[in-house]
Structures are given as C-alpha cells and as structure tokens.
Amino acid sequence: MNIRVVATTPFQDQKPGTSGLRKKVAVFKSTNYLENFVQAVFDTIFDNAAAPPGSTLVLSGDGRYYNREAIQIILRMAAANGIAKVLVGQGGILSTPAASAVIRKYRSFGGLILSASHNPGGPEGDFGIKYNTGNGGPAPEKITDTIFARSRELSSYRIAEAPDVALDRQGSYAMGGMTVEVIDPVADYAELMESLFDFAAIRELIGGGFRLCFDAMHAVTGPYAREILERRLGAPTGTVINGVPLPDFGGGHPDPNLTYADQLVAIMYGEDAPDFGAASDGDGDRNMILGRRFFVNPSDSLALIAANAALAPGYAAGIAGIARSMPTSAAADRVAEKLGVPCYETPTGWKFFGNLMDAGKVTLCGEESFGTGSSHVREKDGLWAVLFWLNILAKRRLPVEEIVHRHWAEFGRNVYSRHDYEALPSNVAAGVMTQVKGQFAQLPGRRFGDYRVKFCDDFSYTDPIDGSVSTGQGLRIGFDDGSRIVFRLSGTGTEGATLRIYLEAFESDPVRQKVDAQQALSGLIAIADELSQLKQRTGRERPTVIT
Ligand code: G1P
Ligand code: ZN
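Those letters in the sequence shown? Residues 24 to 570, by my numbering.
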C-alpha cells in the first residue's frame, strides 16, 4: 500500500464548538479542510498515547450529504497513520448514541462521528465532525484544544492510496495493514436498549391497542426505530414515519421541536391522535415527547424519568444522581431532593456530564434542548428517552398528560420556556449581552412589579472531578420567588448569532399549574425585554422559535 504525504497549509479557522467542528458542506469539501482536522486528531491521540498499537477506531455518521465521501477519505488516512482496525456502521451510518455504545462495547480508544446534529443537510447544508474518547463521550476541552492547536501547525497529512471500501456490505476488509469491519449499525444498540427496558411490558401495552407515532425526520433513527419499535416491540408498520434516512433529510430541518417536527405535531394535535408521539434529530441524540394534544417540556421529561426510573429494569436499583445543564429548569432538582440523591448544575453541552458519569456520581442527565440520557452511553440518546417513556406508560397505564399533571401536583411545576432569536448580526447579539451584564451591579434588590431580583451572575462552573473551570456560561437573573431569566448565546449556530432567553417560574397550585406557559411567564418575558432592550436592539417583534 502506497502512502502519500500531502503538503498542507496550517488550518486557519475558528476553534471547534462544544459539539466538534461544524461548517457548510462546501467548506468541508475545500482543499485539505477535512484532512487537516483528521490528521490533527490522529497526531493528538498518538502523541498522548491514547491509541496504542493495535487500537480500534469507530468511524460513522448520521448519513447526511458528504458522509460517504468523508468516510472513505478518513479510512485511507487511518490506514496511513497506523490505525489497526476501524469499525464502520453499514452504509457509513451510526446514530451518535449508537456510536457511543459501540465505542464502549468494543473498548475502542475513540471514534470519529460525522454529523452536524440537527442542522440541515444537503449540498447547501452543514457537515460536521467530532472526536469522542474511549469512554464514548465527546472529547474534553483539553483534548479538543490540543487538536485545534495541532491543526494550526500542520504542514502535511498522510493518506493511503487504496480503493473505496464497500460500505453497504457487512464484513471485514483489508486496507494495507488495517482491517475495516463493516458492522450492523443497529444490533448492538438494540441489544443495549433491551437490557435496560421492559420490552415485554411495552409489547403488551402496544398489543393492547396503545397507539404511537415516531417521526425519524428522514434522519439516522429511521432504521433504529423500525427495528426496535416495529419489529421488536410489535408496533404496526407505519408507526415510524419519515423512516428512510436521506442525505438532505428530505429538505427538512431535522430538529425535533414544535416548529420543525410539524408533521408529527399535526398528527398529535389532530383528530384521532395516537396516545404517544416522539421524534428524534439528524444524528439521533435528541428527543421530543408528545402525548395526545400535549407537549412534554424536556426539563419536565428529565424530572419525570428520574421520578419513575425504578419502573425500568436497568434503573430498578435506583439512580446515583442527576445532572442538568444550567438553563434546564430545576424540576429535576426537586425529584433529586425527594430521592435523596445529588443534582449537579453544569454548563450547556453534553461533554460536561462525562466526568460525573465516569465517576459514578450521576445516572441521569438532561438538557432543556431536547437532550436526555444516562450513563448507559456518554451521549444524549433520543430513542432511549422514547423507550423510557414507553416503559413508564406500560407500567402506569395513564395518558401522558395525566402522568405529567400528577407529577406537577406532587412536586410543583417549574413553568418553563425558551425563546430563541436566530441569525442575529453578531454585534447585535453581543450588544444585548453587554446591555444585560452592564446592569448587574445595580440589579440585586431591584423590583420589577411583583418580582424582586435576588441575585445575578455570569454562570461559571468548576468540574468537581478534574477541577477545570468554565466561565462565561450564561447570564442568570434570579428572583426572590425562585423565578429565573437566563440570557445565553448559542455556540452551535453557523449563521450569525443566536440569542437564547430561558424563562422559568415555580407554581405550586395545581389549578394554576395548567395555565399555558407563555401566559404564566408573561411577566418575566416583559422583564427580559426591558432589561435587554431586546425589541429595540434586534428589531424583532417575536422570537424565531418558542419552546
Ligand atoms: C445547543 C443546545 C445545547 C446542546 C447543543 C448540542 O447548543 O442548547 O443544550 O448541548 O446544542 O446539541 P447551543 O446552540 O445553545 O450552544
Ligand atoms: Zn443531535
């Protein structure tokens, strides 16, 4: 096998975000762009001796446009860089949680995951790549920083001259001294799910006429959902809609929220709606849960899963603790308190949960952004959340809405909403943040109608395991009654800046708990606007997306 050493110019680019490198497809296709990043990863893992001789790498993606081409390039580079073995999902596909499961199961030193999550795909869409370490989770900052630094000093990369691997057939292939194993992308993951949840009880629920609809949004979860929901759990064919993964996700925006999963929303709010609806995103790590004409807020979903965890066999022995990202509502904290387990508040991004899970401090983790998961893998996991809900429903035999209402009645309701202002000019978004932060010295004690400011800060986090400190994680304004407003800039957008405003109030009265969230939060929404001069600065009358 011939190895070419290709001269390249250092990679002049911004630092990869919390979820790896995400760019337009055209950028990834530009000369040496993908190659530079991949060579920097290989250099980093060999320098750190993370990949001793004979190591296995996992390589797969969410099937979006450019997935296959990128996989062939990376395979040739892996062979040229002395990787012994690469596991690839058939068709080049593994959902992000499945990739995490495969890395862990086969004790691989890590994996490269090709995805831009919920961002649109296709020739004009986005592509992405990230490196996960041997625990199955996103690489911690010290490793991503090293990869970034390395990518800026590279002068060449190594690539083998070898034919394409037949990704559509399972089996072993040799590329020089390296073995490429094309594996079933679903089997290992489905087996893991079966070990965690009571499939017999769910089968019985579905057999008894319980109806569900799962929207795979033409993204990676189609084959997983068909295998698990339709084949193993006996849901009728057609339960999974948009189940064929397409390179451009059928032109849609594969993000499971009330705006983009509109087909599912129409079904679940229509006449003759099924009992349960769910959707997942481009790479299968997010989830949205719906009951009949009822939306389950992701923060509530985490709390509810925690409160009912013992109903699932994989969690019957109890949970060690819960972690939630700072902007996620404190609903889970109330459950943790009742269970007598710790609840950690971390910055936004799944990678902050990794250390806590590795140390055995938490079992369940969640973010308000439709991310829920547990220590079974080191990524959030869309289908896992769906199965957890089905397991709960199979045991409790109540409508989704009733389960949520009873939860609120028991724990109180953390009324919650997130308002996103997308594609703002960066300076405008930065101006809003400066405006808010500029008032911090005067805010404590100040009254806004019934609300009195108790504290305000720019959230910072010290990792309890490795002591690393993350600052500038979002502006928090807390009020005496426990209500909260958080301002934060998104770190994942590819167009301008996205401003997120998170609103939370606590309601203990079971009657008032049923008031619509936007109405219940209207006072806080007005305060957020006043504090940030939002309308005036952005020229926007309303958010792009309300959750
Ligand atoms: C968003 C979500 C965040 C999640 C991330 C990756 O990041 O808000 O919770 O971890 O996507 O899925 P953001 O755009 O807010 O930086
Ligand atoms: Zn995702």
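For glycine and all other residues, C-beta sits at the position ideal for the given N, C-alpha and C.
| Item | Value |
| --- | --- |
| Measure the CB-CB distance between residue 483 and residue 494 and report whether it falls below 8 Å. | yes |
| Comparing C-alpha positions only, which one of 197, 87, 521, 49 sits nearest to residue 101? | 197 |
| Could you compute how far the alpha carbon of residue 254 sits from the alpha carbon of residue 285? | 26 Å |
| Report buried or exposed for residue 340, applying the criterion of at least 16 other Cβ atoms within 10 angstroms of its Cβ. | exposed |
| Hey, is residue 469 close to ligand 1, as in C-beta under 7 Å from one of its heavy atoms? | no |
| Closest to residue 303 by C-alpha separation, out of 276, 520, 296, would be which residue? | 276 |
| Would you kindly check if the distance between the Cβ of residue 526 and the Cβ of residue 439 is under 8 Å? | yes |
| State buried or exposed for residue 53, treating a residue as buried only when at least 16 other CB atoms are found within 10 Å of its CB. | exposed |
| Which word fits residue 478, buried or exposed, when buried means at least 16 other C-beta atoms lie within 10 angstroms of its C-beta? | exposed |
| On the three-state DSSP scale, how would you describe residue 147? | coil |
| On a Cα-Cα basis, can you pick out the residue from 199, 569, 208, 231 that is closest to residue 542? | 569 |
| Taking 6 Å as the limit between beta carbons, can you name the residues of its chain near residue 346, skipping five residues before and five after? | 367, 369, 376, 379, 385, 388 |
| Using a Cβ-based criterion (distance less than 7 Å to any ligand heavy atom), does residue 309 qualify as near ligand 2? | yes |
| If we require 3 or more residues per run, which beta strand (DSSP E) segments fall completely within the region 485-549? | 498-502, 507-512, 520-530 |
| Would you decide whether residue 492 is buried or exposed? Buried here means 16 or more other CB atoms lie within 10 Å of its CB. | exposed |
| Do the CB positions of residue 78 and residue 153 come within less than 8 Å of each other? | no |
| With distances taken Cα to Cα, identify the nearest neighbour of residue 471 among 108, 46, 548, 265. | 548 |
| Rounded to whole angstroms, what is the Cα-Cα separation between residue 283 and residue 178? | 42 Å |
| Return the chain-ordered list of same chain residues with a C-beta closer than 6 Å to the C-beta of residue 588, the five sequence neighbours on each side being excluded. | Past the edges of the chain, shown from 24 to 570, lies residue 588, and the structure says nothing about it. |
| In terms of residue numbering, what span does the beta strand (DSSP E) encompassing residue 237 cover? | 235-238 |
| Contact between the region 226-235 and the region 253-267 is defined here as three or more beta-carbon pairs at a separation below 8 Å; is this criterion met? | yes |
| To the nearest angstrom, how far is it from the Cα of residue 136 to the Cα of residue 108? | 16 Å |
| Please classify residue 253: does DSSP put it in a helix, a strand, or coil? | helix |
| Between residue 511 and residue 490, is the Cβ-Cβ spacing less than 8 Å? | no |
| Per the DSSP calculation, residue 96 is bridged to which residue(s)? | Looking at the DSSP assignment, residue 96 forms no beta bridge with any residue, so it has no partner. |
| What's the C-alpha gap between residue 234 and residue 420? | 13 Å |
| Apart from the five residues just before and just after residue 156, which ones in its own chain have a Cβ nearer than 6 Å to its Cβ? | 133, 162 |
| Starting from the N-terminal side, write out each stretch of the beta strand (DSSP E) that is 3 residues or longer and does not extend beyond the region 336-411. | 345-348, 366-369, 387-390, 394-397 |
| If you pair each beta-carbon of the region 403-423 with each one of the region 311-318, do three or more pairs fall below 8 Å? | yes |
| Compute every distance between the C-beta of residue 305 and the non-hydrogen atoms of ligand 2, then say whether any falls below 7 Å. | yes |
| Given residue 325, which residues of its chain have a CB within under 6 Å of its CB, disregarding the five upstream and five downstream residues? | 355, 389, 395 |
| Where does residue 260 fall in DSSP's three states? | coil |
| Say yes only if the C-beta of residue 521 is nearer than 7 Å to one or more non-hydrogen atoms of ligand 3, and no if none qualify. | In the structure shown, ligand 3 is absent; the only ligands present are ligand 1 and ligand 2. |
| Can you tell me which of 91, 47, 520, 81 puts its alpha carbon nearest to the alpha carbon of residue 124? | 81 |
| Excluding five sequence neighbours on each side, which residues of the same chain lie with their C-beta closer than 8 Å to the C-beta of residue 93? | 51, 57, 84, 137, 150, 152 |
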